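Here is the structure we will look at.
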Amino acid sequence: MSDFVVNAQLRSDFGTAASRRIRHEKKVPAVVYGTGKENAMLLLDHDEFKHQLEIEAFHNSVLKLKAGGKTEQVILREVQMHPHKPVVMHVDFQRISATDKLHMNVPLHFMGEEEAPGVKVEGGIVSHLMTELDISCLPGNLPEYVEVDVSGLSLNESIHLSQIALPEGVEFTHPPEGEGDHAVVSVVMPKVASDELEEGEEGEEGDVAELGAESEQDESGTDED
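Going letter by letter, the sequence shown gives residues 298 to 522 in my numbering.
In structure tokens, the structure reads:
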């Protein structure tokens, strides 16, 4: 369980004008909902909260939300950002219960990339086809991230969802079966090297064709004599 604490104030004024004033005061409007309780409208300190957003684990942890003299366990559900500025516009928190499973997207951390034979020996690069997983678990089992070891991959090899070892108490929201067993990461030839290889092969084919044409011309000239 994380030690992230989100400090908030209960919000009492609403409407467009109030929202403008709130943002002018460097506050962020927010809401917390869930577990059968009434929604609560909140205010967050913009700079303090934005700093927390820069921490990867903050997005995938159980948070302690303090507001109105009470502390609740919540998860971060949605953050709305300004389309052109690094400004947080609105935040949604969801209350959680220790006995109810969560459905969350958690990031993937890829380990051993430089040691993979396909990279170290064969000159390939690691291609991340997925960067997060959709998982289900109880709040107490929520991982900050899931590790994927790619140190054994050779060129043109991949790791699929079914090959990932999830932490204890964690499961895929959608079991990776059949067509749902997507590739997560692979080792491929860099595009520049691949293009050069194709150009080389095309050049060789052109040389062979040119030699063949010259040979036919020589034979034709001999027949005329």
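All C-beta atoms in this analysis are idealised placements derived from N, C-alpha and C, irrespective of residue type, glycine included. Keep in mind it's a predicted model, so treat the numbers as computed, not measured.
What are the boundary residues of the beta strand (DSSP E) that Asp344 is part of?
Residue mapping note: residue 344 aligns to position 47 of the sequence shown, counting from 1. Premise fails: Asp344 lies in the alpha helix (DSSP H), His343 to Leu350, not in any beta strand (DSSP E).
Straight-line CA distance for Met298 to Ala337?
As a position in the sequence shown, residue 298 is number 1, starting the count at 1. As a position in the sequence shown, residue 337 is number 40, starting the count at 1. Confidence is the limiting factor: at Met298 the pLDDT is only 49, short of 50, which leaves the residue's position unreliable, though a coordinate-based value still follows. For the pair Met298 and Ala337, the Cα-to-Cα distance works out to about 24 Å.
Taking the continuous beta strand (DSSP E) assigned at Pro404, which residues delimit it?
The residue you call residue 404 lines up with position 107 of the sequence shown. Here the beta strand (DSSP E) through Pro404 covers Leu399 to Met408.
Under three-state DSSP, which class holds Thr297?
Because the chain is modelled from 298 through 522, residue 297 falls outside the range shown and cannot be assessed.
Using the Cβ count rule (16 or more neighbours within 10 Å means buried), how would you classify Met401?
Position 104 of the sequence shown, counted from the start, is the residue given in the question as residue 401. Burial call: buried.
Should Asn453 go down as buried or exposed, given a rule of 16 or more other Cβ atoms within 10 Å for buried?
Translated into positions along the sequence shown, residue 453 becomes position 156. Exposed: under 16 other Cβ atoms inside 10 Å.
Give the secondary structure of Met298 by DSSP, where H, G and I count as helix, E and B as strand, and everything else as coil.
Here residue 298 is taken as the residue at index 1 of the sequence shown, counted from 1. For Met298, the predicted model reports a pLDDT of 49, less than 50, meaning its position is unreliable and no value from the coordinates is stated.
Going by the beta-carbon positions, is the gap between Val482 and Ser459 smaller than 8 Å?
On the sequence shown, position 185 is the one that residue 482 refers to. On the sequence shown, position 162 is the one that residue 459 refers to. Contact: no.
Can you tell me whether Arg374 is helix, strand or coil according to DSSP?
Position 77 of the sequence shown, counted from the start, is the residue given in the question as residue 374. Strand.
Consult DSSP for Val443 and reduce its assignment to one of helix, strand or coil.
Indexing the sequence shown from 1 puts residue 443 at position 146. Strand, per DSSP.
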